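Novice: Residue numbers (my numbering): 858 to 1633. For each residue, glycine too, the CB sits at the ideal point set by N, CA and C. Source: prediction; values computed, not measured.
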Amino acid sequence: MRVRITERPGRATRLALVCALLSFAYLVAAWNAPIVAPVVGWIAPLGSVAVGVYATVRLVVSTPLGQASRRFWRTMALAAGCIGVGAVSQMFDTLAHGEPTQVLSDRTSAFDLFGLVLMIAAILLVPVNRLSRSAWATFGLDAGTVVAGGALFSWYFAIRNVDDFEATTGSALPLVATVATGFLGVLVLLRISFAGVREVHPGSLQLLALAALTSCSAAALSPTLADRPYLNTSFLAFPLAYGFLTAAVERQRRSTLAALDGVVAKDAAPRARRSLYVLPYLAVAATDGLLLHSLSSPAESGPVIVGAVVLTALVSARQLVSFRENGRLLRRLDTTVADLRESENRMTFQATHDGLTGLVNRALLASRIDSALAGGGAAEVAMALIDLDDFKSVNDRLGHAVGDTLLVEAAARIREATGADDTVARLGGDEFAVLFRGADPAVAAERILASLDRPLRIAGDELRIRASVGIADGWAGADSNELTRRADVAMYAAKSSGEGWARFDPAMDAPAADQARLAAGLRDGLGRGDFRLLYQPIVSLPGGQISGVEALVRWHDPERGVIPPDRFIPVAERSGLIMPLGRWVLREACRQAAAWRASFGAAAPSRMSVNVSPRQLDEPDFVDDVVAALADSGLPAECLVIEVTETAVFHGGLAVSSLAALRSLGVRVALDDFGTGQSSLGLLLTCPVDILKVDKSFVDGVTEPGDRAVIVEFLAQVARGLDLDTVAEGVEDAAQAERLVELGYRKAQGYLFSRPVPGAELAEQLRPTLGVASFA
Ligand code: C2E
Ligand code: CA
Ligand code: CA
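(1) Entirely within the stretch 1470–1531 and at least 3 residues each: give me those beta strand (DSSP E) ranges in chain order.
(2) My understanding is that TYR1602 touches THR1583, with C-beta atoms under 8 Å, so please give their C-beta distance in whole angstroms.
(3) Pull every residue with its beta-carbon under 6 Å away from any heavy atom of ligand 2, and keep them in chain order.
(4) On the DSSP letters alone, give me the boundaries of the beta strand (DSSP E) that TRP888 sits inside.
(5) Put TRP1012 into one of helix, strand or coil per three-state DSSP.
(6) Excluding the 5 residues flanking ALA1461 on each side, which residues of the same chain have their C-beta closer than 6 Å to its C-beta?
(7) Roughly how many angstroms lie between the CA atoms of PRO1615 and LEU1528, to the nearest whole one?
(8) Keeping to the same chain, check which residues put their C-beta closer than 7 Å to that of ASP950; ignore five residues upstream and five downstream.
(9) Less than 8 Å separating the beta-carbons of ARG1525 and ALA1486?
(10) When the Cα of ALA1335 is compared with those of SER1404, ASP1310, GLY1233 and ALA1324, which residue comes out closest?
(11) Quick one: complete alpha helix (DSSP H) runs, 4+ long, within the stretch 929–1002?
(12) Would the beta-carbon of GLY1405 be found less than 7 Å away from any heavy atom of ligand 1?
(13) Quick one: measure Cβ to Cβ for LEU1171 and VAL1161, integer angstroms, because I've assumed they're closer than 8 Å.
(14) Would you mind sorting THR1193 into buried or exposed? The rule is 16 or more other CB atoms within 10 Å of its CB.
(15) Indicate the three-state DSSP secondary structure (helix, strand or coil) for GLY1382 in the structure shown.
(16) Smallest Cα separation from LEU1390: which of PRO1399, GLY1382, TRP1412 and ALA1377?
(17) What residues in its chain sit with their C-beta under 6 Å from that of ARG1283, if we drop five residues either side in the sequence?
(18) Nearest to GLY955 by CA position, among ALA992, GLY1001 and VAL896, is which residue?
(19) Quick one: what's got a C-beta closer than 7 Å to ILE1315's C-beta in the same chain, skipping five residues either side?
(20) Would you tell me roughly how many angstroms separate the C-alpha atoms of PRO1562 and ILE1568, rounded to the nearest one?
(21) In or out: GLU1500 buried (at least 16 other Cβ within 10 Å) or exposed?
(22) For a quick check, are the C-beta atoms of ASP1552 and GLU1586 less than 8 Å apart?
(23) Any chance the CB of LYS1550 is under 7 Å from a heavy atom of ligand 3?
(24) In angstroms with no decimal places, state the Cα-to-Cα distance between ARG1128 and PRO1059.
(25) Could you give the distance in angstroms between the alpha-carbon of ALA1122 and the alpha-carbon of GLN1109?
(26) Among the residues of its own chain, which have a CB less than 7 Å from the CB of GLN1473, if the five just before and after it don't count?
(27) Check this for me: beta carbons of VAL1300 and GLY1405, under 8 Å apart or not?
(28) Considering only C-alpha positions, which residue in the set SER1353, GLU1201, LEU1519 and ALA1512 is nearest to GLY1532?
(29) Since ARG1464 and CYS1496 are thought to touch, with beta carbons under 8 Å apart, how far apart are those beta carbons, to the nearest angstrom?
(30) Are the CB atoms of ASP1475 and ALA1429 nearer to each other than 8 Å?
(31) Under 7 Å from any heavy atom of ligand 3, does the C-beta of GLY1586 make it?
(32) Name the DSSP bridge partner or partners of MET1465?
(33) Taking the Cβ atom as the reference point for each residue, do ASP1580 and LYS1550 lie within a distance shorter than 8 Å?
(34) Which residue marks the beginning of the alpha helix (DSSP H) containing SER1611, and which one marks its end?
(35) Name the DSSP beta bridge partners of SER1325, please?
(36) For a test of the three-state rule: what should DSSP assign to TYR1087, helix, strand or coil?
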């Protein structure tokens, strides 16, 4: 059952409204002289009382309220009932003596007062949100302001005229009741505006405040009816009080039912209403008005002046408190922003630099090469790739610590041998690179080799660092990939010749034929259908249930056996074969996911993740391909996740608009290998993303203290802040998984849970949860 949240009043409220209108109409019609028997005037007001009491009781009896809410409304029902009995009793009072009168019996007053006490108790019992010290100070001062203003007004308009009341009603009690009702209204408003109520709907409380304020204002008119004993201010006060009560009850009922049903009413958030903050200022303004009014009768203006001064002092004190509080909040915001910025800087550095040597990493080098080449002087640009010889054996013989020291020393010497304008990078392992702008790379290579060759003493051992350097020169139209590849080719040439360094020459490129062969093989393989998908589960933490899978492609070449994607995806990208291959992967993954859903229903993995390479994303047909794959397989769009890398979306453009289009269809977008690209957190704001896949290199370091663990934690916070899901990649041991759970990660992927497996094998894993022998 769905509850519609409409603004239209319900049946009870409409009935109460009719009673109120009839009652007001009677007052107007009978203003000059009685028109019917006086008892008739009581029908409509008592009707509204009955409606209000009935609605409140029904709310308590038949609506599944929370505990505190139920207690509140039960007390309210009792109070409404009590005052309702008072109303009937009042009717008898006024009609009992042949001649109508407005004199109240003690019995009536007792019912009214008891009802009011019950209401005050109910309101004081409503749970409120926890307040800080300064919030309490503000609350106290505001409450003081409103109460002082209220007291002043009550005195001026009511208590000062207590004699008139006693003349009309025979007692001062109704006056007390009236003032108490007014304060009740104010109390309710203060509670919701400052503390923010929980459990009881704030809109209902506002309506109740209106009930109290309007009915007490109406009751305060008593003296004006002194010469019309057949009329009664209750004809105004009861329809107002019970009408608003009925509306309040209905509001509570609707929001409770809607919440049960998962529909969040748009005003259901129990937040303080901003507009109520003006109450104290209204009190001051009203007092100022009173001051002007009282100037005509100087005898009364004394207390009013005192009241105005007190109020002004209270409001000033309140300003001071909130001024200081604002200052504090601003300072806190400043430090938070500074912290965030520092973390981001640290993360950017981490993402663009090598942790051990502090040199630029591969990603940053690539982007610097690309911008140097794009700068126009491509011929001035050159690159050297430096590979340490025999580093592995040093590492094995003398241990990692010595190996690390050696790398750090090598980095320092390469830097020393190059100019300030050159970029020195560590590409990983024992591989370094230098980007030259204008310098002669051959001269630099000699200098680097000489510098490295100087003997080095580590822990008593004398070591010599030998290296091979490959150089490639830039040319118009070059890009970092191709330049690096050429430097690599030259480096291998240097290594095999033992000459120290070599400069790229197209003749060295014979092995490039290898690439061409691979590309040709790919084309044939696609034609033959040599590709298979493996599926690696993405599991929920800490339970380890399969929540999704990632499709990972494998090439089963008839001669070379299984070729991993790292080898052929780059070739496929360069040759454009990634388009048909990617399309096949997408269709096959969607087909498999739909088949699992058909066989395993709710036990099937709920999401299928597919990797999409940058080149695919840049293709104008990409969105259509995805839509077709979904339509043909029957897989709902919500079940598909597209995994892209930061670099693919970094430049915006078509890639980003395609992702936005897919997302609007319900497809989710994951940022893969997050943290390794040259992007910044800013990307998260511009790129349409749902999921962050935190790269394995960060997960690896999560159990040791240090920057990596800090970043993993920081990413979890950022993701939470931006409402993104996170998946920790490459989880290999239980300690990592435990730590990730502590840091707030709820999804993970890695060998700890499962390696990538064929679809049939994954189906085996799903079967036990289902207990039925059907097959995907
Ligand atoms: P990726 O998207 O980051 O995929 C995760 C890689 O990490 C997979 O390697 C997976 O086998 C591996 N892995 C998962 N858990 C662990 C772990 O605990 N320890 C370790 N050491 N490795 C783990 P795989 O299958 O070799 O794929 C490598 C990359 O090739 C993928 O990285 C992805 O970028 C690309 N790739 C794979 N399939 C496709 C595809 O269909 N299309 C495209 N465009 N790229 C693909
Ligand atoms: Ca991936
Ligand atoms: Ca990844």
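Specialist: Per the coordinate set shown:
(1) 1497–1502 and 1525–1531
(2) 6 Å
(3) GLU1407, ASN1468, GLU1500 and ASP1529
(4) First-last for TRP888: undefined, no H or E at that position.
(5) helix
(6) TRP1453 and ARG1454
(7) 24 Å
(8) VAL960, LEU961, SER962 and THR965
(9) no
(10) GLY1233
(11) 963–982
(12) no
(13) That pair is no contact at about 16 Å.
(14) exposed
(15) helix
(16) TRP1412
(17) ASP1211, THR1214, LEU1216 and PHE1289
(18) VAL896
(19) VAL1259, THR1262 and LEU1263
(20) 11 Å
(21) buried
(22) yes
(23) yes
(24) With a pLDDT of 44 at ARG1128, under the threshold of 50, the predicted position of this residue should be treated as unreliable, though the coordinate-derived value follows. Computed Cα separation, rounded: 8 Å.
(25) A caution first: ALA1122 carries a pLDDT of 45, below 50, which makes its placement in the model unreliable, though a value can still be read off. So the two alpha carbons sit approximately 11 Å from each other.
(26) ILE1435, MET1436, GLY1439 and PHE1479
(27) no
(28) GLU1201
(29) 6 Å
(30) no
(31) As written in the sequence, residue 1586 is Glu, which differs from the Gly given in the question. Under cutoff, so the answer is yes.
(32) VAL1406 and LEU1497
(33) no
(34) That residue, SER1611, is in no alpha helix (DSSP H); it is neither H nor E in DSSP.
(35) ASP1244
(36) coil
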